[in-house]
Amino acid sequence: MSKRIAFWLRDMLVRGKRFNATRLVAGSFAAIILLGALLLTLPVSSNSGQATDFLTCLFTATSATCVTGLILVDTAVHWSLFGQVVILVMIQLGGLGFMTVVTLFSMLLRRRIGLSERLAMASTFNLNDMSGVVRMVRHALIGTVTMEGVGAVLLSARFIPDFGVLRGLWMGVFHSVSAFCNAGFDLLGERYGAFSSVSGYRDDPVVLLVLAALIIIGGLGFFVWEDIWKNRNWKGLSLYTKMVLLITAGLLVAGAVFFLVMEYGQADTLGNMPLWQKGLNAFFQSATLRTAGFDALGQGNLEDVSLSMSILLMMVGGSSGSTAGGLKTVTVGVLLLALRAGLTGREQVTFRARSIPFDRVLNAMTLTVVFIFLFLTGVMVISTVEQMEFLSVAFEVASAMNTVGLTTGITPALTPISQGILILLMYLGRVGVMSFSIAFLTARRRATGVYYPSFDLMIG
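Okay, so the sequence shown: first residue is 10 according to my numbering, each after it adds one.
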């Protein structure tokens, strides 16, 4: 039976005569969301034994599949073990991409992976070509199981004393997968109160550092893993990997220092903590903003300047081909390099004595403009509908479309219209970026054969 299902999925999704990678990615995510929402509406999915309204289920399924973490009801308080398992499966599928699971079936059944399937895998991982994509997917699967397994063991060792053996093991597995996939879902509400996230462990270095490590590793991207595993020394790494590592390290350190300074005396966040705990929580805040969504400080208590910086960090997000969302680190890096070239009067955009192709710069600009347009539109519409403070709404919209999942606490209080907008933004933030990557991968820029006279114009 399992072979029949695997062959059917393969033939339907990647061997159709009218194969379209964009439709495949968008359709597979939509199918997972719809199926997950329907499963969550079942009475067995809730602790109360009663059916949950469809909008709440759809919001939760979208948030889980798009590895966001925004919720309308507390995961531990509202959902039963069955519902939590459904959510975890959606997180894993959304983090790795449905095509990775289909490819896993093909590998297990020793079936040949065709060109269309390789194209779909490359688009799932935001790769610019298909060379070595099967090997990369295989290593990504092995790496994912390894990292999530190690994280589960470490977290279980900490949770078992608090929750018992069986519940502690489940907590360790759930939070490890959620952190590695940058989802931000948690099950701690049953002990520390609904929507408390990891605030009950803000003084626990083991929990916060393990979660932060999983978030960072998951957000680096599968290509970076492959490059590090293959070369294992700084000189041998590709310029792309070096750019990812440098930008990631810079954002983590700069973010931690920023929040430490700005929230140092704030009584509701870092103010009443000892110095080591302030440093730990400032670092965790910087890490979780990389599209993870675990909250140790309470985002609604942050200073306005900290909320503004959080929005910027959420917009950057993780790296291409990772479980993270956002514009991606290298996209922002290319924009900054283009800005440097413009300010210094250079004709080429360069990095370490290498030029970056113009089409890559144009792709980065296109994606950024689309992101900013969606962000501003979402903020203006929800602010108008809800009559809420602009900054709080901007934080919520940035969190949704960059698949972060942090909240100032206003999401459950939003009207169905605004919740529907957030559902759309979560979907576009995860699937839309993949669709753009497919378009960049498959597009072929051709000369039109017609060249028009140029004209001069004033800029600025």
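Note that CB positions come from ideal geometry on N, CA and C, so glycine has one too.
Residues that DSSP places opposite residue i in a beta bridge
i      : result
Thr359 : Ser364
Backbone secondary structure at residue i - three-state DSSP
i      : result
Trp491 : Residue 491 lies beyond the residue range present for the chain, which begins at 10 and ends at 469; the question has no answer from this structure.
Ser55  : strand
Pro462 : coil
Arg349 : helix
Trp243 : coil
Tyr210 : helix
Gly259 : helix
Thr470 : The shown model of the chain, from 10 to 469, leaves out residue 470, and the question about it has no answer.
Ser72  : helix
Ser165 : helix
Ile80  : coil
Ala60  : coil
Lys251 : helix
Met472 : Here the chain comprises residues numbered 10 to 469, so residue 472 is not present and cannot be evaluated.
Leu118 : The predicted model places Leu118 with a pLDDT of 49, which falls under 50 and marks its position as unreliable, so this point remains unresolved.
Gly414 : coil
Thr424 : coil
Met333 : It should be noted that the sequence gives Ala, not Met, for residue 333. In the structure shown, Ala333 sits in coil (DSSP, three-state: anything other than H, G, I, E or B).
Phe230 : Per the sequence shown, residue 230 should be read as Gly rather than Phe. Note: Gly230 maps to coil in three-state DSSP.
Gly103 : helix
Ser319 : helix
Gly354 : coil
Gly327 : coil
Ile419 : coil
Thr50  : coil
8 Å contact criterion, which residue i and residue j should meet: CB distance rounded
i      : j      : result
Leu322 : Leu298 : 4 Å
Asn472 : Met324 : What is shown of the chain runs 10 to 469, which leaves residue 472 out entirely.
Thr84  : Phe189 : That belief does not hold up - the Cβ atoms of Thr84 and Phe189 are roughly 17 Å apart, past 8 Å.
Ile391 : Ile430 : 6 Å
Ala305 : Ser208 : 6 Å
Ser185 : Leu164 : 6 Å
Val94  : Glu199 : The pair is not a contact, with the Cβ atoms about 16 Å apart (cut-off 8 Å).
Gly280 : Gly274 : 5 Å
Ser55  : Ser89  : 6 Å
Gly334 : Thr300 : 5 Å
Gly103 : Ile41  : 7 Å
Glu405 : Thr393 : Glu405 to Thr393, Cβ: 14 Å. No contact.
Ile96  : Phe194 : 6 Å
Val379 : Val388 : Not really, about 15 Å apart at Cβ, beyond 8 Å.
Gly330 : Gly230 : 4 Å
Straight-line Cα distance separating residue j from residue i
i      : j      : result
Ala265 : Val341 : 19 Å
Ile169 : Gly307 : 25 Å
Ser57  : Ala70  : 19 Å
Leu2   : Ala422 : The requested residue 2 is not part of the displayed model; the chain covers only 10 to 469.
Leu284 : Phe292 : 12 Å
His148 : Val76  : 21 Å
Asp368 : Thr359 : 13 Å
Glu395 : Ser427 : 8 Å
Gly302 : Ala407 : 12 Å
Pro425 : Thr386 : 17 Å
Lys244 : Leu344 : 25 Å
Thr338 : Gln59  : 43 Å
Ile419 : Arg167 : 31 Å
Ser187 : Arg361 : 36 Å
Arg355 : Thr50  : 58 Å
Gly438 : Ala409 : 8 Å
Asn240 : Leu248 : 13 Å
Ala6   : Tyr461 : Because the chain here runs from 10 to 469, residue 6 falls outside it and cannot be looked at.
Ile320 : Leu175 : 38 Å
Val215 : Val253 : 26 Å
Phe172 : Ala263 : 36 Å
Leu352 : Ser364 : 16 Å
Ile256 : Gly327 : 10 Å
Asn242 : Leu197 : 39 Å
Lys12  : Leu44  : Caution applies to Lys12, whose pLDDT of 48 falls short of 50 and renders its modelled position unreliable; the value that the coordinates give is listed next. If I take the Cα positions, the gap works out to 21 Å.
Glu398 : Leu105 : 36 Å
Leu48  : Leu64  : 13 Å
Glu157 : Val182 : 8 Å
Asp465 : Val440 : 39 Å
Asp277 : Asn310 : 6 Å
Val53  : Ala296 : 35 Å
Val145 : Glu312 : Note that residue 145 is Met in the sequence shown, not Val. So the two alpha carbons sit approximately 42 Å from each other.
Met467 : Leu67  : 49 Å
Met180 : Ala258 : 29 Å
Leu434 : Leu383 : 8 Å
Sequence ranges, beta strand (DSSP E) only - wholly within the segment 369-407, length at least 3: none
Contained alpha helix (DSSP H) runs [length at least 4] in the segment 268-314, N- to C-terminal order: 284-297
Runs of alpha helix (DSSP H) wholly within the segment 150-207 (minimum 4 residues, chain order): The qualifying runs are 174-189 and 198-201.
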